[in-house]
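Reminder that position 150 of the sequence shown reads as 157 in our numbering, one-by-one numbering, no gaps. For each residue, glycine too, the CB sits at the ideal point set by N, CA and C. None of the values given here were measured: they were computed from a predicted structure. Structure record follows, encoded as C-alpha cells.
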Amino acid sequence: MAATVDLEFVGRAEQVDRFRTALAGARASRPSAILVSGDAGVGKTRLLRRMAELGRADGARVVTSHCVGLGEIGLPYLPFTDALGQLRSRSEPVEAVIGGRPALGRLLDAGLVEPETGSAAQAARGQLFDGIAAAIGAGGDADRPLVLMVEDLHWADPSSRDVLKFLIARMRSEHLLLVASYRTDDLHRRHPLRPVLSELVRHPRVDHVELAPFTLVGATTRSGAL
C-alpha cells in the first residue's frame with residue numbers, strides 16, 4: 008500500500024493574507040466575498056482547504072459545499088441546500104430562521120421544484136431567496152463568523168447562480184465571508200457563468216483572486232501542495 012503524504016502548504020502568501028483580512032472584516036460586521044479562479048490543477052482546492060484550516064483556527068464556523076456537473080440544468084440550489092443542511096444541525100439561529108420560513112423547510116426536507124413563470128412564481132422565488140440569505144446570515148456572529156465555501160462554481164445551476172448574486176447584493180452587516188472557486192479553462196465564450204462574473208467582480212464587496220501556476224525556482228518546482 009502506498010504511503011499517504013500530507014504535503015506542507017507553501018506559497019500563496021498574498022492570497023492567504025487577503026483571506027485573513029476578509030475574515031477580520033466578517034468578524035467586524037463587514038461581510039464580503041472572495042472569488043478564486045484558475046485553471047484545473049493550479050491549486051484552488053488546496054488554497055480553499057488552507058483557508059478553511061485558518062478560519063477554524065481563528066474560531067470561525069466553516070461550511071463547504073460543492074456544485075456538481077449534471078448538464079445544462081443541474082439540481083436547483085444544490086450548493087446552498089447542502090450548506091443550509093450543514094448549518095441547520097450546528098446553529099440554533101439558523102434552525103430558527105428555517106423554522107419560520109416554510110419554503111426553506113420544503114427546499115431542505117423535500118426538495119423544491121423551480122416555480123413556473125408568472126408574478127406569483129416570481130414572488131415565491133423572491134421569498135425563497137430572502138429566506139436563504141436570512142438563514143445564511145444567521146450562521147455567523149462576532150465570536151464565530153461564518154465562512155461559506157462554494158467549490159466548482161463553473162458547474163452551478165441557474166438558480167444557484169442567481170442566489171449567489173442575491174447573497175452578495177444583500178450583504179449589509181452579517182458576520183459572513185463567502186469564498187467561491189471556479190475553473191477558468193472551463194469557461195467557454197458562451198458559458199452562463201461569464202455574465203454573472205462580469206457583474207460580481209465589479210461589486211465593492213467582492214475580491215477576485217486569480218491563481219497562476221507556480222514558477223520554477225532554480226531546478227525546483229514550487230508545487231504549493233497542489
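Thinking C-alpha only, which one of Ser36, Asp24, Pro38, Gly50 is nearest Arg190?
Gly50
Helix, strand or coil: which one does DSSP assign to Met8?
Residue placement at Met8 cannot be trusted, given a pLDDT of 43 that sits under 50; what the coordinates show is reported in the next sentence. Coil, per DSSP.
Where do the ends of the beta strand (DSSP E) carrying Leu185 lie?
183 to 190
Consult DSSP for Val208 and reduce its assignment to one of helix, strand or coil.
coil
Going by DSSP in three states, Ala140 sits in which element: helix, strand or coil?
For Ala140, the three-state secondary structure derived from DSSP is helix.
Who are the near neighbours of Ala219 in its chain, counting only those whose CB is closer than 8 Å to its CB and skipping five residues on each side?
Gly45, Val49
What is the rounded straight-line gap between the Cα of Arg229 and the Cα of Gly18?
Reliability of the predicted coordinates at Arg229 is poor, the pLDDT of 36 falling under 50, and no value is obtained from them.
Sorted by chain position, which residues of the same chain lie with C-beta nearer than 6 Å to Ala33's C-beta, five sequence neighbours on each side aside?
Pro152, His182, Leu183, Leu184, listed in sequence order.
Let me make sure I understand the geometry here. Which of Arg63, Glu60, Thr52 has the alpha-carbon closest to that of His73?
Thr52
Whole angstroms are fine: how far does the CA of Arg37 sit from the CA of Tyr84?
25 Å
Of the residues Ala163, Ile175, Met178, which one's Cα is nearest the Cα of Arg201?
Of the candidates Ala163, Ile175, Met178, the one whose C-alpha sits nearest the C-alpha of Arg201 is Ala163.
With DSSP as the reference, label Arg97 as helix, strand or coil.
coil
Going by Cα to Cα distance, which pick from Ala110, Ala31, Ala187, Leu77 is closest to Gly66?
Ala31
Taking 7 Å as the cut-off, decide whether the C-beta atoms of Phe4 and Phe136 are in contact.
It is not possible to answer for residue 4, since the shown part of the chain is limited to 8 through 233.
Since Val101 and Leu61 are thought to touch, with beta carbons under 8 Å apart, how far apart are those beta carbons, to the nearest angstrom?
Their Cβ separation, rounded to whole angstroms, is 23 Å, which puts Val101 and Leu61 out of contact at 8 Å.
Does the Cβ of Arg113 lie closer than 6 Å to at least one heavy atom of the ligand SAH?
The ligand content of the structure shown is nil, which means the ligand SAH is not present either.
My guess is that Arg25 and Val154 are in contact by the Cβ rule of under 8 Å, so how many angstroms apart are they, rounded?
Not a contact, Cβ separation roughly 13 Å.
Given that a residue counts as buried once 16 or more other Cβ atoms are within 10 Å of its Cβ, and exposed if not, what is Ala168?
Here residue 168 is Arg; the residue named in the question, Ala, does not match the sequence. Burial call: buried.
Quick one, are the C-beta atoms of Val43 and Ser188 less than 7 Å apart?
By the CB criterion at 7 Å, Val43 and Ser188 fall inside the cutoff.
Ignoring anything shorter than 4 residues, give me the alpha helix (DSSP H) runs that lie fully in the region 43 to 71, in order along the chain.
51 to 64
Relative to the C-alpha of Leu55, which candidate in Glu158, Ala40, Ala127 has its C-alpha closest?
Glu158
Using a beta-carbon distance below 7 Å, is Ala187 in contact with chain B?
In the structure shown, chain B cannot be found, because there is only a single protein chain.
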